[in-house]
Structures are given as C-alpha cells and as structure tokens.
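What follows is one structure encoded as structure tokens, with my remarks underneath.
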Amino acid sequence: LATFASPAMAQSVGGEYSVRGTNLDGSAYKGSASILVTSETTCEIYWTTGGTTSQGICMRNGNAFSAAYMMGDVIGLVIYEIKANGAMEGLWTIAGRNGSGTEILTPQ
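Numbering (my numbering), first residue to last: 52 to 159.
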C-alpha cells in the first residue's frame, strides 16, 4: 500500500516568514521570522517582533510544528499547525506566566 503525503506534510518549513500575533494581554504585534532547517525534523528559528528578538529550536511532526525559545532570560514555547498554504497558526506561552498568545507565520 502506498502512503501519500498531504500538501502541508510535503512542503519544507525553511525560509522567511511575516509574523502577526497577539500578546498575553491581547495587544497585537507583528514582525518577521526566519527558519533554518537542520535535519528532516529539526530546525532553528529566529524572530524579530517590534524591538524584541528571540531564538529557539524547533521540530516538525507531520502538520505539527513546535519551538522552544529564549527571549532574554525568559523561556517560551509555541505550537503551530501547518496549513495547506504553508502558513502556520499557533499558540504560545512563557514559563511562569498565565495565559497564551496567538501567532501566525506566513511564508514570504
């Protein structure tokens, strides 16, 4: 039996993205992100949003994409769903803080 990958599973996540999202308090932000693929399932991710930069490691499993990141001394986690058009829609949080924010990465 043959298994066929869906369009979201077949595409690479590497590249440049525009970013828009909401902070934990609901305020909006935007910026850019860059993903560097390091293996079939792992990568590095770099964000610039407003005046803030952060970086992390990321991992893909099918249409799930997650990243653990550092923003200064703060540790965070984001989990995205990869859509058929290559965009990623996700939720993020920061260690020790209540709630979650939202984020959409759109390929450039």
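All C-beta atoms in this analysis are idealised placements derived from N, C-alpha and C, irrespective of residue type, glycine included.
Any idea if R148 is buried or exposed, counting beta-carbon neighbours within 10 angstroms, 16 or more meaning buried?
The sequence position of residue 148 within the sequence shown is 97, counting from 1. Label assigned to R148: exposed.
Have a look at D124 and T104 and give me their C-alpha separation to the nearest angstrom.
Position 73 of the sequence shown, counted from the start, is the residue given in the question as residue 124. Position 53 of the sequence shown, counted from the start, is the residue given in the question as residue 104. Spanning the two alpha carbons is a distance of roughly 12 Å.
Hey, how far is the Cα of A138 from the Cα of T144?
For this step, residue 138 is matched to residue 87 along the sequence shown. For this step, residue 144 is matched to residue 93 along the sequence shown. Their backbone Cα atoms lie some 20 Å apart in a straight line.
For E154, is the classification buried or exposed, using 16 other Cβ atoms within 10 angstroms of its Cβ as the cut-off for buried?
By one-based count along the sequence shown, residue 154 stands at place 103. Flag for E154 reads buried.
Kindly indicate which residue of A146, A135, G113, T73 has the alpha-carbon position closest to the one of G101.
Here residue 101 refers to the residue found at position 50 when the sequence shown is read from its first residue. Residue T73 is the option with its Cα nearest to G101.
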